[in-house]
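There are 2 protein chains.
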Amino acid sequence: MYIENINGPQDVKKLTVEEMGTLADEMRHALLIRASKHGGHFGPNFGMVEATIALHYVFESPKDKIVYDVSHQSYPHKMLTGRKDAYLYEEHYDDVTGYSNPHESEHDFFTVGHTSTSISLAAGLAKARDLQGAEGNVIAVIGDGSLSGGEALEGLDYAKELDGNLIIVVNDNDMSIAENHGGLYTNLKLLRDTKGTAECNLFRAMGLDYYYVHEGNDVAALIDTFQKVKDSKKPVVVHIRTLKGKGYAPAEEHKEQWHYSGPFDIETGRSLFEGDEEDYSSVSCDYLLDKMKKDPKVVAITAGTPTVIGFTEDKRREAGKQFVDVGIAEETAVALASGIAAGGGKPVFGVYSSFVQRTFDQISQDLCINNNAATIVTFAGSVYGMNDVTHLGFQDIPMLSNIPNLVYLAPTTKEEYIAMLDWSIEQNEQPVAIKLPGGAMVSGRPVTKNFGDLNKYEVTQKGSKVALLGLGTFYSLANAVADEMKSELGIDATVINPYYITGLDEELLESLKVDHSVVVTIEDGILDGGFGEKIARFYGDSDMKVLNYGLKKEFLDRYDVEEVLKDNRLDAEMIAEDVKGLL
Amino acid sequence: MYIENINGPQDVKKLTVEEMGTLADEMRHALLIRASKHGGHFGPNFGMVEATIALHYVFESPKDKIVYDVSHQSYPHKMLTGRKDAYLYEEHYDDVTGYSNPHESEHDFFTVGHTSTSISLAAGLAKARDLQGAEGNVIAVIGDGSLSGGEALEGLDYAKELDGNLIIVVNDNDMSIAENHGGLYTNLKLLRDTKGTAECNLFRAMGLDYYYVHEGNDVAALIDTFQKVKDSKKPVVVHIRTLKGKGYAPAEEHKEQWHYSGPFDIETGRSLFEGDEEDYSSVSCDYLLDKMKKDPKVVAITAGTPTVIGFTEDKRREAGKQFVDVGIAEETAVALASGIAAGGGKPVFGVYSSFVQRTFDQISQDLCINNNAATIVTFAGSVYGMNDVTHLGFQDIPMLSNIPNLVYLAPTTKEEYIAMLDWSIEQNEQPVAIKLPGGAMVSGRPVTKNFGDLNKYEVTQKGSKVALLGLGTFYSLANAVADEMKSELGIDATVINPYYITGLDEELLESLKVDHSVVVTIEDGILDGGFGEKIARFYGDSDMKVLNYGLKKEFLDRYDVEEVLKDNRLDAEMIAEDVKGLL
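If you're matching them up, the sequences are chains A and B in order.
For the record, in the first sequence the residue sitting at position 519 is 519 according to full-length UniProt numbering, with numbers rising by one throughout.
For the record, in the second sequence the residue sitting at position 361 is 361 according to full-length UniProt numbering, with numbers rising by one throughout.
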C-alpha cells in the first residue's frame with residue numbers, strides 16, 4: 001500500500017509513474033469504501049484522482065498554492081496532504097469537512113463551498129504574491145460545470161490582467177451536477193473533439209494561453225503538461241478531459257445520480273436508505289407538472305440543481321420546454337424569470353437558500369424594482385438544512401425580506417405551501433418568494449386564506465396576556481410554548497401564524513395591546529435583520545414586552561441542530577420560562 | 001427638421017437613408033444642447049445614434065422588443081419613441097428619467113440602471129414569447145464595457161439554450177466607463193482588426209452566430225445587417241464598432257471624462273461648476289497613494305468605476321500595480337480582495353453602495369466565512385446619494401450588516417473615516433466595510449479611538465432621560481435633536497456616536513437603563529433589517545422606550561431629499577416632538 005505512506009506531497013514525489021498508477025487505484029478504493037459508508041461528493045472526486053497526484057508531483061504545495069473550486073473534487077487533495085486517515089479509517093471519517101479548509105491544512109487556502117470562485121480567489125493570491133515580489137505558482141482547479149457561473153467567467157476575463165503566473169486547470173468531465181447547459185459547452189466539446197486544436201477557443205478568446213490534455217486520467221500525460229506550464233510568467237489554461245465517476249461502473253454510467261451519494265451497497269450501487277417518501281421537492285414538481293399541463297405559460301427554472309425542485313431526469317423530459325436549466329448561473333435565472341414574467345409567462349425559480357444569495361442584485365434590481373410577478377422558492381432555508389458553513393440556510397430572512405416590493409412568505413405546512421405557490425403563479429401584482437419550512441414536511445388543514453390580502457396574519461388560537469408569533473418552521477414551536485404555558489402557568493396564550501415575513505399586520509399587532517403584555521416571535525434564521533426585530537421596532541414606543549427567538553448571527557460549521565437550538569433557547573420550556581419572568 | 005416630426009418608430013421608417021443621416025445630426029445636436037444644460041450620460045448615447053435609428057427602421061417596436069443594458073445608451077431610443085420633447089425643449093428635460101422605463105413608454109420593457117442585465121432579461125422575454133407560441137424579435141443592446149459583468153457573461157452562455165430568436169447587439173466603442181480591463185477585450189480588438197473574420201471568436205465560442213459591422217456609425221451598413229438577422233430563428237450576435245462620444249470633439253478625445261457629464265460650455269467643453277473641492281473620493285485616493293508608497297502590499301481595487309475612489313487617470317498611473325481595475329465585475333473584485341488578503345496583501349475595494357449588492361455572495365462566502373482582512377468602502381450610501389431608483393444608496397445597511405464576521409463602520413467625519421481606514425488596513429483580524437456618510441464632507445476633532453476594540457460606542461454628550469444614537473450621516477441630526485430638547489424641554493439628552501453598525505455595545509446600552517427612559521436611533525437607510533431594530537430588540541424585554549428613525553422600505557425614484565426626510569420624520573423638531581410624547 002502506497003497510500004498509507006503518503007503523509008504529504010513530498011511522499012508523492014518519491015513515486016514512479018507506475019507507482020502513482022497504483023496509488024490512484026488505492027485512493028479510488030478508499031474513496032469508494034468511505035463513500036459507501038459515509039456518503040459525500042462522489043463523481044467529481046473519482047475523476048480527479050490522477051490530476052491531483054500529478055499536481056502534487058509537479059508543484060510544491062503549499063509554496064505553490066492550489067485553489068479548488070466548490071471543493072467537490074478536493075478529497076484526493078486531502079488524501080495527499082496529510083489527511084489520508086480521514087479516508088482510510090472509518091473512525092476518522094469525520095475528521096475532515098467535505099470542503100477545502102485552511103483550518104485543516106496549510107495546503108488549503110480558502111473555505112469554499114459555492115461554485116465558480118476559484119479563479120478570482122486564486123488571482124488574489126497571485127496578486128498578493130506579485131505585490132510582495134514573492135515567488136511560486138498559483139493554480140485554480142475548476143470543473144466545467146462551474147464555468148457557467150458569473151464569478152468564474154468574470155475571473156476568466158480578469159485573469160489576463162494579472163500579467164503574472166496563474167494556472168487555471170479546467171477539469172472537463174462534460175457534466176455539471178446534471179448535464180451541462182449553455183453555449184460554452186459546445187466550445188468545450190469542439191476542443192475535446194479536436195484535441196484542443198480548434199481555432200475557436202473560449203479560453204484564448206479570453207486572452208489566455210491554452211494547453212489541452214486528452215487523457216486527463218493518465219498521470220504521465222498530466223505530469224508532462226503541468227511541467228510545461230510550471231513557472232509560467234503569464235496566466236494559462238490547462239484543459240483536461242476526465243471521466244466523472246471513473247473507476248466505479250454505476251457512477252460512470254449514471255453521472256448525475258452519482259454526483260453526490262449517501263451510503264450505498266458497493267455490489268449493486270443501491271442506496272442503503274429508501275428515499276421515496278414525499279418531500280417539498282417532489283411535492284413542488286408534482287404540482288408544477290400538473291400546472292404546466294393546464295397552462296403552457298408556466299415554466300420552472302433551476303440554476304444547475306434541477307432535483308432541488310424535484311425535477312429528476314424523467315420529470316424534466318415530461319416538462320419539456322417548460323423546464324429550464326440555465327446552468328450554474330443564479331443571476332441569469334432570476335433575470336430570466338423577471339423577463340419571462342414581463343412577457344406574460346409564469347416562472348418559478350427553485351433554489352437552495354444558500355445559493356439564492358448569489359443573485360441578490362438581480363432580485364433587487366432586475367426583479368423587484370420592475371415588480372414582475374415571478375416566484376422564487378427557497379429550499380433548505382432552515383437550521384434543519386445543510387450544516388456546512390458554506391451551505392447554511394438560516395441567513396435568507398435578512399437577505400430577502402428587506403428588499404422592497406418582494407413578498408416573502410413562510411408556509412408551515414404542505415397545504416399552505418401549495419396554496420401560496422398557486423396564488424403566486426396566478427397573480428400579476430408582484431414578485432413573491434416562498435421560504436419552505438425546515439424539518440420533515442407536515443400536513444395541515446386545508447387553506448382558504450387569500451394570500452393577495454397582504455400582511456394579514458392568522459390568529460390560530462385566541463388567548464390573552466401572551467401572544468406567540470411562530471414563523472414558518474417554528475409555528476409548531478409556538479404551539480408547544482402555548483401548551484407549556486397552559487400546563488405550567490395556566491395561561492391561554494394567543495398563537496399566531498404570520499405567513500408574511502415581509503410585512504407587519506399592524507392592525508392585529510395594535511389590537512394585541514389591549515389584553516396582551518408580552519409578544520414572542522420565533523423564526524428559523526438569524527435574529528439580526530430578521531422578522532422579530534421588526535416586531536420589536538413596532539412595539540418600541542409602547543409598554544408591550546417583546547422577546548425575539550432565532551439564531552445568533554454567526555457562521556456555524558457542521559453543527560448539531562439540537563445543541564444550536566438549546567444554545568439559542570429555541571425550546572418550549574426555555575421560552576415559557578423567559579416569558580414567565582416578564583409576567 | 002426631421003426630429004420634430006418623429007412621434008414614434010413609424011416616422012423613422014418613412015425616411016430615406018440620407019434623411020436618416022440628417023436625423024442623426026439633429027439628434028446629436030439636441031443631445032449636445034441638453035447635456036450642456038442638464039447633464040447626463042454623454043459618450044454612450046452619442047455613439048449609438050445611428051444604430052438606434054437603424055434598429056427602429058428595421059424592427060417593429062414594441063412588437064419587436066429592444067432591451068437596453070444599463071440604459072446609458074437609451075437616450076436616442078427615447079427620442080425616437082414618442083419622447084423627443086424631453087430632449088428638444090428645456091422645460092421638458094425632466095419629463096424622462098435617465099434610464100429605460102416601462103412607465104414612460106410601451107417601447108421600454110424594464111427599469112434598468114445596473115450593467116450587464118440586458119441579455120438575460122431579453123432571454124426572458126424571448127422565452128415568454130416561445131412559451132406562448134407568439135412572434136417577434138427580441139433584441140438586447142449591450143456595450144462592450146458591460147460584457148465583463150458576471151450576469152452578462154452568464155446570459156451570453158445561456159442564450160444558445162433558448163433555441164429561438166434573440167439578437168444581441170454588442171455596441172463596441174472600445175471603452176467601459178474608463179478604459180476596458182479584461183482578456184475578452186483582446187478578442188474584441190482582434191475581431192475589430194480583422195473586420196470580424198478572426199476564427200477565434202468569443203461569441204462563437206459561446207455557441208452563437210455572429211455578424212460584424214465595421215462602420216457602426218453608418219446607418220446604411222447597420223440597416224443592411226439588421227435586416228439579415230431580423231426574424232432569425234436562433235440567437236445571434238451583431239457586433240458593431242462605434243465611436244464613443246461621436247460628433248463632439250472633446251468627448252471623442254477624452255472618452256472617460258465624457259462618459260457622463262454635468263452642465264458644460266459647448267464651445268470649450270469646460271464644466272460650468274468647479275469640482276475641485278475635497279470630497280471622500282479625493283481624500284480616499286490621497287490617503288491610499290501615500291499609504292501605497294510606504295507599503296507595497298497596499299492595493300486599491302475598483303470594478304470599472306475608478307474615480308469613485310478618487311483614482312483619476314493620473315492617479316492610476318501614480319499607483320501603478322497597486323491599483324487594480326477588474327472591469328465591471330464586482331464579484332471578482334471582492335473575491336480578488338479576499339485572495340489578496342489571504343496572501344498577505346492589504347486590499348481596499350471602493351464601490352458605490354448601489355453596486356456593492358452585486359457581490360453579496362462573495363462578501364458572505366469568499367470573504368467573510370474566510371474572515372480575511374480586506375476593506376470595502378461604500379460610497380454614496382445615503383439618502384443624499386444618487387436618487388434614481390436603480391442607484392439608491394439607502395439599502396446597504398440591511399444588506400451588509402447582517403453578514404457574520406463583517407465589521408461595518410459608520411464614520412461621521414473625514415477624520416473618523418481616515419482613522420477607520422487606516423485601522424482596517426493595518427489589522428489582520430477580519431473583513432471591514434466602511435460606510436461613508438452622505439451630504440457634504442465634514443471635518444471633526446482628531447480621533448484617538450482604537451477601532452479594534454469592537455462595538456464600543458462613544459458617548460459624546462452625557463445627559464439623562466433621553467439617549468440619542470446618531471449613526472454616520474445622522475450623527476449631526478442627533479446633536480440637533482439634543483439642542484432642540486435642551487431649548488424646548490430643558491432636557492440634557494445623551495448623545496452617542498455608535499461607529500459600529502454591526503454590533504451592539506451591550507454594556508453601554510445596559511447602563512442607559514439606569515437614568516434613561518427613551519432611546520432614539522437615527523440611521524441613513526431603510527429601517528427594515530437595519531441598525532435601530534437591533535437596539536429595539538435589545539430593549540424588548542425592558543421598560544426602555546425605543547424610537548427608530550430612518551427610511552421606509554420602498555423604492556423611491558428621483559425623489560426630493562427634503563421631502564423624503566420630512567416624510568420619514570428625519571427632522572430635529574419632529575423627533576423632539578415624538579420623544580416629548582413619551583416622557
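Note that CB positions come from ideal geometry on N, CA and C, so glycine has one too.
Check	Outcome
Relative to the C-alpha of Y475 of chain A, which residue among A:G452, A:I522, A:W258, A:V326 is closest?	A:I522
On the DSSP bridge assignment, give the partners of L166 of chain B in chain order.	B:P235
G150 of chain A to S71 of chain A, Cα distance in whole Å?	18 Å
Which two residues bound the contiguous alpha helix (DSSP H) that contains E416 of chain A?	414-426
Alpha carbon to alpha carbon, how far is V324 of chain A from V514 of chain A?	51 Å
Could you name the residues of the region 150-163 of chain A whose beta carbon sits closer than 7 Å to any beta carbon of chain B, in the order they occur along the chain?	G150, E151, L153, E154, G155, D157, Y158, A159, K160, E161
Using 8 Å for Cβ pairs, my map puts L121 of chain B next to V67 of chain B. What's the rounded Cβ distance?	5 Å
Name the DSSP bridge partner or partners of S271 of chain B?	B:F264
Using a cut-off of 9 Å between C-beta atoms, extract the partners of D541 of chain B located in chain A.	V518, K545, V546, L547, D578, G581, L582
If you draw a straight line from the C-alpha of S443 of chain B to the C-alpha of E415 of chain B, how long is it?	6 Å
Determine the direct distance from the alpha carbon of D130 of chain A to that of K315 of chain B, and round the result to whole angstroms.	20 Å
Would the beta-carbon of P498 of chain B fall within 7 Å of that of L469 of chain B?	yes
Nearest-angstrom Cα distance between Y535 of chain B and G503 of chain B?	The amino acid at residue 535 of chain B is misidentified as Tyr; the sequence shows Ile. If I take the Cα positions, the gap works out to 10 Å.
Is it buried or exposed for E331 of chain B, if we count other Cβ within 10 angstroms and need 16 for buried?	buried
Could you give the first and the last residue of the continuous alpha helix (DSSP H) run that contains Q227 of chain A?	219-229
Go ahead and pull the three-state DSSP assignment for V334 of chain B.	helix
Considering D325 of chain B, what are the terminal residues of the beta strand (DSSP E) in which it resides?	323-325
Mark E506 of chain A as exposed unless 16 or more other C-beta atoms lie within 10 angstroms of its C-beta, in which case mark it buried.	exposed
Would you list the one or two residues that DSSP bridges to A497 of chain A?	The sequence given here has Asn at residue 497 of chain A, not Ala. DSSP lists A:E458 as partners of N497 of chain A.
Quick one, which of A:A329, A:E90, A:N187 has its alpha-carbon nearest T209 of chain B's?	Per the sequence shown, the amino acid found at residue 209 of chain B is Asp instead of Thr. Comparing Cα positions, the closest option is A:N187.
Under 7 Å Cβ-Cβ, which residues of chain B neighbour V466 of chain A?	Per Cβ cutoff of 7 Å: no residues; V466 of chain A is ~13 Å from chain B at best.
Does the CB of A433 of chain B have a neighbour CB from chain A at under 7 Å?	no
Go through the region 26-84 of chain A residue by residue and report every complete run of the alpha helix (DSSP H) that reaches 4 residues or more, in order.	43-47, 49-58, 75-80
Taking the CB atoms as reference points, tell me whether P437 of chain A and G529 of chain A lie closer together than 7 Å.	no
Taking C-alpha atoms, which residue in B:Y384, B:K291, B:G393, B:A319 lies nearest to W423 of chain B?	B:K291
Check each candidate in A:A433, A:L406, A:A572 and name the one with the smallest Cα separation from E488 of chain A.	A:A572
Check whether the Cβ of H181 of chain A lies closer than 7 Å to any Cβ atom in chain B.	yes
How would you list, in chain order, the residues of chain B whose beta-carbon sits under 7 Å from the beta-carbon of H114 of chain A?	D361, Q365
Less than 7 Å between CB atoms is the rule here; does V237 of chain B satisfy it with respect to chain A?	no
Where DSSP assigns a beta bridge to K553 of chain B, which residues make up the other side?	BP columns for K553 of chain B are empty, so no partner.
In the DSSP assignment, the alpha helix (DSSP H) including T521 of chain A goes from what residue to what residue?	First-last for T521 of chain A: 516-526, but that is the beta strand (DSSP E), not the alpha helix (DSSP H).
Counting only the same chain and skipping the five closest in sequence on each side, list residues whose C-beta sits under 7 Å from that of A319 of chain B.	L289, M292, A300, F311
Looking only at C-alpha atoms, which of B:D64, B:Q322, B:G145, B:R537 sits nearest to G345 of chain B?	B:Q322
Looking only at DSSP bridge pairs, what is D209 of chain B linked to?	B:V236
On a Cα-Cα basis, can you pick out the residue from B:L527, B:L512, B:K553 that is closest to S542 of chain B?	B:L512
Just to confirm my understanding: we take D218 of chain B, look at its own chain, exclude 5 residues before and 5 after, and list those with CB closer than 7 Å. What are they?	E50
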